[in-house]
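Visitor:
The structure is reproduced here in structure tokens:
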């Protein structure tokens with residue numbers, strides 16, 4: 004990632020990646036946010052922390068692009084889900 008973006012040598016890069024379960028390949032690709040964060044960190048000479056919620060990752064991740072889901076949902080009073 005850092006070599007691709009020309010930002011910092013690999014031995015100076017620290018990535019913290021706790022176990023987050025299966026990703027079905029979405030963690031393999033290089034995303035724009037990673038390059039921008041690396042560049043911004045070097046520019047301001049401070050660490051940058053990028054945090055994305057699951058819903059924020061759903062749209063830009065490779066496996067989420069152009070994803071269309073058709074679903075049915077059954078609800079009771081007050082929109083309580085009882086079948087899907």
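Residue numbers (the numbering used here): 4 to 87. All residues carry an ideal CB built from backbone N, CA and C; glycine is no exception.
Residue 78 by DSSP, collapsed to three states: which one?
Guide: Within the chain shown, numbered from 1, the residue matching residue 78 stands at position 75. Correct three-state label for residue 78: strand.
Visitor: Identify the continuous alpha helix (DSSP H) that holds residue 57 and give its terminal residues.
Guide: Locating residue 57 in the chain shown gives position 54, where the first residue counts as 1. Residue 57 -> alpha helix (DSSP H) spans 57-61.
Visitor: Apart from the five residues on each side of it in sequence, which residues of its chain come closer than 8 Å, Cβ to Cβ, to residue 86?
Guide: Along the chain shown, one-based indexing puts residue 86 at 83. 76, 77.
Visitor: Please classify residue 64 as buried or exposed, where buried requires at least 16 neighbouring CB atoms within 10 angstroms.
Guide: Against the chain shown, residue 64 aligns to sequence position 61. Looking at its Cβ environment, which holds 16 or more other Cβ atoms inside 10 Å, residue 64 is buried.
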